[in-house]
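Going left to right, the sequence shown walks through residues 27 to 601 as my numbering numbers them. Note that the Cβ used here is the ideal one computed from N, Cα and C, for glycine as well. Bear in mind that the values here come from a model prediction, so they are computed numbers and not experimental data.
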Amino acid sequence: MQRSVLLLASLLVLAAIAASQGLRVVDPDAAGEVSAREAVEAFLADRALLGRRHLDALSPAGREARRERWRAALGGSEAVPFEALSATARIDRILLENRLRRELEELDREESREAEVADLVGAVAPIVALEEARRRFEFAPAKEIAATFAEVARALVESRRALDAGEFDRFDAVRARRAANGLRRVASYLRDFRRFRDGYDPEFGWWTKEPAGKLESELRGYFEAIESRLVAARSGGDATLVGEPIGVEALRSELAFEYIPYEPKRLIALAEREFAWCDAEMAKAAAELGFEDWREAQAHVKSLAVPPGKQPELIRDLANEAVAFLEARDLITIPPLAKEGWRMTMLSPAAQRVSPYFLGGEVIQVAYPTDAMSHEEKLMAMRSNNPHFSRATVQHELIPGHHLQGYMEERHRPYRRAFATPFWIEGWALYWEMRLWDLDFPRGPEDRIGMLFWRKHRCARIIFSLGFHSGTMTPRECVDFLVDRVGHERSAAEAEVRRSIGGDYSPLYQAAYMLGGLQIRALRRETVEERGANERRFHDEILRNNAMPIEFVRAQLAGTPLERGHRASWRFDGR
């Protein structure tokens with residue numbers, strides 16, 4: 027009884043404080059919130075289990091198991107009475123149902139994409155079936171398995187002959203790479219299948235050793251031939267700069283899923299507007315340094331790199347400086363453990379081909395030259411990671427950016443990781459680049475040029491990523507755009523484009539930095555400037571409510587009860 031009274035009193039105090047600051051404190055036991063959270067947690071657990079239980083590529087059985095589960099989960103969620111739910115529970119239900127529909131759409135898209143390359147990968151279907159059967163605890167006799175291995179090896183020989191004869195020349199580099207990646211996954215399935223019984227089942231090795239060795243050789247030779255004949259030969263000399271444009275209609279679908287109520291063309295126009303602001307500010311900073319051309323000013327700033335071996339010390343000092351700046355202005359709560367809990371490692375030369383600038387989170391991964399790089403690679407790495415460029419990115423990656431985000435995500439509404447979106451993840455970090463600019467964080471024109479480099483880069487990401495996926499820009503044109511309009515080193519620009527179009531990121535990921543930052547900036551204007559909310563409290567509440575599309579962050583902070591089937595409606599740029 028005493029505990030209940032104390033809890034109620036605490037909630038009332040928090041509510042009173044929040045009300046005075048223009049924000050809302052959510053009662054975690056409000057109507058339906060526990061059941062909504064449990065439904066999301068069940069989705070996360072089911073997705074992880076299905077990922078462990080089933081194959082993740084070229085697997086009709088795995089796809090059907092996921093499809094069946096998500097349909098059942100969606101039906102169960104839609105059966106929940108919606109009107110009685112609290113504003114928070116409604117948000118969780120809407121986002122869960124949105125995510126489940128998205129999972130089903132992606133399964134359909136995966137099935138369609140695999141059908142497009144069936145002629146290239148069809149020979150390995152028996153290997154996929156064997157591994158699926160093993161995961162169902164069905165164990166075929168070793169003699170039958172050996173016969174299957176031999177049959178698939180012969181089929182691969184025929185596929186290789188067809189490839190060499192030009193019968194598959196109708197496949198472009200994009201689809202060919204998709205097929206080669208699928209075949210690489212099948213090679214891993216084969217290794218897992220053999221490892222399970224080899225050495226434990228005396229008959230297995232006796233029957234399968236020779237045909238398995240031949241099969242592995244034929245499989246490797248086949249996907250390497252696809253990469254050589256169809257991918258590398260048709261990619262303009264760099265097979266790593268191959269991506270798959272999804273098209274305008276698919277972009278619209280992606281934007282709807284992320285609750286962005288704009289057409290791709292409108293977002294490109296918005297990026298151009300922000301670009302114009304950056305160009306004007308860059309010209310001012312260049313003039314302060316005595317340069318008429320911003321490129322010359324930027325080249326000067328790039329030349330100010332620290333000596334080899336000193337970059338870790340610079341990162342440490344910049345991180346500490348950012349924390350001190352934030353705390354002196356009471357902008358956000360920084361728990362002591364978050365301040366001392368981050369770590370540092372160095373990126374390898376191979377990793378820097380994809381990530382030419384450092385990455386972050388709890389572990390900040392530092393990009394700087396190593397003795398294994400060529401002379402020109404060393405110089406480009408130093409120019410790209412000079413102190414003034416790094417000044418904007420250290421706080422982006424650590425505090426108040428991704429490290430603090432991750433720290434809070436693990437401690438507050440962690441189930442909402444199911445709704446993770448780059449518009450929240452990257453938008454938050456980019457918002458702080460803009461906010462710190464407004465607070466005079468840059469110490470002089472060199473710092474402003476460094477910060478503007480990154481801000482221009484975020485504008486460029488909207489333009490080139492949406493242009494690429496709309497089919498209006500090629501990968502090489504994307505690289506040239508980053509070099510000409512932003513001032514990237516060419517190797518760094520290639521790495522940025524390689525990472526953007528390689529398929530490891532969602533099509534909207536690169537656009538989400540600036541767009542998410544603009545959303546949070548607009549939300550701050552509404553909440554802090556117009557309604558008078560406390561700024562530190564505003565920032566804290568965004569992190570305490572965890573990841574979700576920014577339109578829902580807005581509804582959460584205001585306590586707005588949304589209707590089921592809510593669609594994107596917030597015109598965050600006012601147009």
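Any contact between the stretch 184-204 and the stretch 145-160? By contact I mean 3 or more CB pairs, one from each, below 8 Å.
Under the Cβ criterion (8 Å, minimum of three pairs), the stretch 184-204 counts as touching the stretch 145-160.
Length of the line joining the Cα atoms of D218 and A205:
Residue 218 sits at position 192 when you count from the first residue of the sequence shown. Residue 205 sits at position 179 when you count from the first residue of the sequence shown. When rounded, the separation of the alpha-carbon atoms in D218 and A205 is 20 Å.
Do you know whose CA, among R292, I568, W463, lies nearest A537's CA?
Within the sequence shown, the letter at position 511 stands for residue 537. Ranking R292, I568, W463 by Cα distance to A537 puts R292 first.
Chain-order list of residues whose beta-carbon lies under 6 Å from that of Y16 (same chain, five-residue window excluded)
With the chain covering only 27 through 601, there is no way to say anything about residue 16.
Alpha helix (DSSP H) segments (min. 4 residues) lying fully within the stretch 112-197
DSSP runs (the alpha helix (DSSP H)) wholly in the stretch 112-197: 113-142, 144-147, 151-161, 168-190.
Closest to I117 by CA distance: which of G600, W596, G591, S595 is it?
Within the sequence shown, numbered from 1, the residue matching residue 117 stands at position 91. Of G600, W596, G591, S595, the residue nearest in Cα terms is G591.
What does DSSP give as the partner residue(s) for I390 in the beta ladder?
In the sequence shown, the residue the question calls residue 390 occupies position 364. Beta-bridge partners of I390 (DSSP): M370.
By Cβ distance below 7 Å, which residues in the same chain neighbour R593 in space, the five residues on each side in sequence not counted?
For the purposes of this step, residue 593 is taken as residue 567 along the sequence shown, with counting starting at 1. The beta carbon of R593 is closer than 7 Å to none in its chain, skipping five residues each way along the sequence.
Expressed to the nearest angstrom, what Euclidean distance is found between the alpha-carbon atoms of N412 and A179?
The residue labelled residue 412 in the question sits at position 386 within the sequence shown. The residue labelled residue 179 in the question sits at position 153 within the sequence shown. Answer to the nearest angstrom: the Cα atoms are 53 Å apart.
Is the beta carbon of E322 less than 8 Å from the beta carbon of P471?
Within the sequence shown, residue 322 is the residue found at index 296, counting from 1. Within the sequence shown, residue 471 is the residue found at index 445, counting from 1. Between E322 and P471, the gap from beta carbon to beta carbon reaches 8 Å or more.
In the DSSP assignment, what residue or residues form a beta bridge with L385?
Reading the sequence shown from its first residue, position 359 is the one you call residue 385. Beta-bridge partners of L385 (DSSP): Q391.
Are the beta-carbon atoms of I341 and H565 separated by less than 8 Å?
What you label residue 341 is simply residue 315 of the sequence shown in a count that begins at 1. What you label residue 565 is simply residue 539 of the sequence shown in a count that begins at 1. Cβ atoms of I341 and H565: not closer than 8 Å.
Cβ atoms of A393 and L25: under 8 Å apart, would you say?
This structure cannot settle anything about residue 25, because the visible part of the chain is limited to 27 through 601.
Taking the alpha-carbon of I527 as reference, which of E132, R551, G497 has the nearest alpha-carbon?
Start at 1 with the first residue of the sequence shown, and residue 527 comes out as number 501. Comparing Cα positions, the closest option is G497.
What residue range does the alpha helix (DSSP H) around P86 cover?
Position 60 of the sequence shown, counted from the first residue, corresponds to residue 86. Where P86 is concerned, the enclosing alpha helix (DSSP H) stretches over 86-104.
Helix, strand or coil for W596? Go by DSSP, reduced to three states.
The residue labelled residue 596 in the question sits at position 570 within the sequence shown. W596 falls in the coil class under three-state DSSP.
Nearest to D473 (by Cα), restricted to the options E270, V327, I294
In the sequence shown, counting from the first residue as 1, residue 473 sits at position 447. The shortest C-alpha to C-alpha distance from D473 to any of E270, V327, I294 is the one to V327.
At least 3 beta-carbon pairs within less than 8 Å: the stretch 303-310 vs the stretch 477-489:
Contact between the stretch 303-310 and the stretch 477-489 is present: three or more C-beta pairs spanning the two stretches fall below 8 Å.
Backbone secondary structure at T359 - three-state DSSP:
Indexing the sequence shown from 1 puts residue 359 at position 333. Residue state, collapsed to three classes: coil.
Coarse secondary structure for V505, derived from DSSP in three states:
Taking the first residue of the sequence shown as 1, we reach residue 505 at position 479. V505 falls in the helix class under three-state DSSP.
Could you compute how far the alpha carbon of R487 sits from the alpha carbon of F230?
What you label residue 487 is simply residue 461 of the sequence shown in a count that begins at 1. What you label residue 230 is simply residue 204 of the sequence shown in a count that begins at 1. Each residue's Cα considered, the two are about 52 Å apart.
Kindly list the residues whose CB is nearer than 8 Å to the CB of R93, restricted to its own chain and excluding five residues on each side of it in sequence; keep chain order.
In the sequence shown, counting from the first residue as 1, residue 93 sits at position 67. Within the same chain, R93 has close Cβ partners L130, L133.
Quick check on the DSSP output: the alpha helix (DSSP H) that includes L567 runs from which residue to which?
Working through the sequence shown from its first residue, we reach residue 567 at position 541. The question names Leu, but residue 567 in the sequence shown is Glu. It spans 561-570 - the alpha helix (DSSP H) in which E567 sits, taken as one unbroken run.
Along the chain, where does the alpha helix (DSSP H) containing A199 start, and where does it finish?
In the sequence shown, counting from the first residue as 1, residue 199 sits at position 173. Start and end: 199-223.
Only counting runs of 4 or more residues, tell me where the alpha helix (DSSP H) segments fall wholly within the stretch 263-297, in order along the chain.
Fully enclosed alpha helix (DSSP H) runs of 4 or longer: 274-283.
Ordered along the chain, which non-local residues of its own chain (more than five positions away) have a Cβ less than 8 Å from that of R511?
Residue mapping note: residue 511 aligns to position 485 of the sequence shown, counting from 1. Residues of the same chain with a CB within less than 8 Å of the CB of R511, apart from the 5 flanking positions on each side, are F301, K482, A486 in chain order.
Looking only at its chain, what residues have a beta carbon closer than 6 Å to the beta carbon of A345, apart from the 5 residues adjacent to it on each side?
What you label residue 345 is simply residue 319 of the sequence shown in a count that begins at 1. Listed in chain order, the non-local C-beta contacts of A345 below 6 Å within the same chain comprise V420, L424, local neighbours out to five positions each way being set aside.
If you check the beta carbons only, do A573 and R443 fall under 8 Å apart?
Along the sequence shown, one-based indexing puts residue 573 at 547. Along the sequence shown, one-based indexing puts residue 443 at 417. Closer than 8 Å, so yes.
When we look at the beta-carbon of R203 and count the other beta-carbons within 10 Å, is it buried (16 or more) or exposed?
Locating residue 203 in the sequence shown gives position 177, counting from the first residue. In summary, R203 is buried, with 16 or more beta-carbon neighbours lying within 10 Å of its beta-carbon over all protein chains present.
If I153 sits next to L216, beta carbons under 8 Å apart, how far is it from one beta carbon to the other, in whole angstroms?
Taking the sequence shown and counting its residues from 1, the one referred to as residue 153 is at position 127. Taking the sequence shown and counting its residues from 1, the one referred to as residue 216 is at position 190. Rounded, the Cβ-Cβ distance is 5 Å, consistent with contact.
Any heavy atom of the ligand SAM closer than 7 Å to the CB of A155?
This structure simply doesn't include the ligand SAM, nor any ligand for that matter.
Status (buried if at least 16 other CB within 10 Å, exposed otherwise) for D53
Residue 53 sits at position 27 when you count from the first residue of the sequence shown. Because D53 carries a pLDDT of 46, less than 50, the predicted location of this residue cannot be relied on, and the following value inherits that uncertainty. The residue in question, D53, is exposed, as its Cβ has fewer than 16 Cβ neighbours within 10 Å.
Is it buried or exposed for L465, if we count other Cβ within 10 angstroms and need 16 for buried?
Sequence index remark: in the sequence shown, residue 465 carries index 439 (1-based). Around the beta-carbon of L465, fewer than 16 other beta-carbon atoms lie within 10 Å, marking it exposed.
If I'm right that I489 touches A297 with Cβ under 8 Å, what's the distance once you round it to whole angstroms?
To locate residue 489, count along the sequence shown from 1; it is residue 463. To locate residue 297, count along the sequence shown from 1; it is residue 271. A297 and I489 do touch by the CB rule: their CB atoms are close to 5 Å apart, below 8 Å.
For A519 and E402, I'd like the C-alpha separation in whole angstroms.
Here residue 519 refers to the residue found at position 493 of the sequence shown. Here residue 402 refers to the residue found at position 376 of the sequence shown. Distance from the CA of A519 to the CA of E402, rounded to the nearest whole angstrom, comes to 15 Å.
Supposed close pair V268, P290 - CB separation, criterion 8 Å:
Position 242 of the sequence shown holds residue 268. Position 264 of the sequence shown holds residue 290. With a Cβ gap of about 22 Å, V268 and P290 do not count as contacting.
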